Amino acid sequence: MINDNTVNVLNDLVQISEDGKKGFTEAAEGVTAPELKIVFHQRSLDCGIAVVELQALVNTLGGTPKDSGTIAGAAHRGWTKVKTTVGDANLGMLEEIERAEDTAKAAYTKALNAKLPPEVRTVVQRQHDGAVRNHDQIRDLRNSYKARKEPVAG
Numbered sequence: 002m003i004n005d006n007t008v009n010v011l012n013d014l015v016q017i018s019e020d021g022k023k024g025f026t027e028a029a030e031g032v033t034a035p036e037l038k039i040v041f042h043q044r045s046l047d048c049g050i051a052v053v054e055l056q057a058l059v060n061t062l063g064g065t066p067k068d069s070g071t072i073a074g075a076a077h078r079g080w081t082k083v084k085t086t087v088g089d090a091n092l093g094m095l096e097e098i099e100r101a102e103d104t105a106k107a108a109y110t111k112a113l114n115a116k117l118p119p120e121v122r123t124v125v126q127r128q129h130d131g132a133v134r135n136h137d138q139i140r141d142l143r144n145s146y147k148a149r150k151e152p153v154a155g
């Protein structure tokens with residue numbers, strides 16, 4: 002039996018996670034700091050795992066899983082490329098990735114507010130918690146890079 006609402010919620014998350022996978026991959030290519038390349042590459046892999054898991058749930062529910070990101074995500078990645086060509090690429094990328102993670106957190110929060118079957122809610126909650134951890138890690142890295150750039154008061 003297809004639950005259209007649940008399938009729609011999951012497909013929205015597929016698209017957000019696909020945006021994250023692509024965004025983190027492009028971020029890894031756009032930064033110069035080796036530690037950021039590693040973090041972004043790992044986050045891309047994590048998002049890819051989330052996509053597969055969500056698509057499997059959609060299939061289980063009898064729906065057709067989405068297999069691409071959003072137009073807004075593609076536009077954001079384009080803007081990120083432009084923005085990071087001016088100034089510190091590492092800091093610029095961290096700032097833009099944090100904005101994207103804000104979007105992911107909001108999408109997962111919205112999904113958790115929907116009426117979901119318990120087995121679906123468990124997966125969505127776990128992925129939401131991962132999105133929050135990702136956001137917080139990126140925010141902390143951004144703050145660290147920002148602090149390196151600020152002049153010391155004397």
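Residue numbers (this note's numbering): 2 to 155.
For glycine and all other residues, C-beta sits at the position ideal for the given N, C-alpha and C.
Predicted model only: the values in this text are computed from it and were never measured.
Alpha-carbon spacing of residue i relative to residue j, whole angstroms
{"i": "THR26", "j": "ASN135", "result": "14 Å"}
{"i": "ARG143", "j": "GLU30", "result": "17 Å"}
{"i": "PRO118", "j": "ASN4", "result": "10 Å"}
{"i": "ASP103", "j": "LEU37", "result": "19 Å"}
{"i": "LEU92", "j": "GLY49", "result": "24 Å"}
{"i": "GLY64", "j": "VAL8", "result": "6 Å"}
Beta-carbon proximity list for residue i, same chain, < 8 Å, skipping 5 on both sides
{"i": "LEU113", "result": "ARG122, VAL125, GLN126 and HIS129"}
{"i": "ASP68", "result": "VAL15, GLU19 and GLN56"}
{"i": "ALA99", "result": "Checking the sequence shown, residue 99 turns out to be Glu, not Ala. Only HIS136, ILE139, ARG140 and ARG143 meet the Cβ criterion."}
Close-in-space but distant-in-sequence residues of the same chain around residue i (CB under 7 Å, 5 per side omitted)
{"i": "ALA105", "result": "ILE17, GLY21 and ALA132"}
Status (buried if at least 16 other CB within 10 Å, exposed otherwise) for residue i
{"i": "ARG149", "result": "exposed"}
{"i": "LEU95", "result": "buried"}
{"i": "LYS147", "result": "exposed"}
{"i": "ALA28", "result": "buried"}
{"i": "ALA107", "result": "exposed"}
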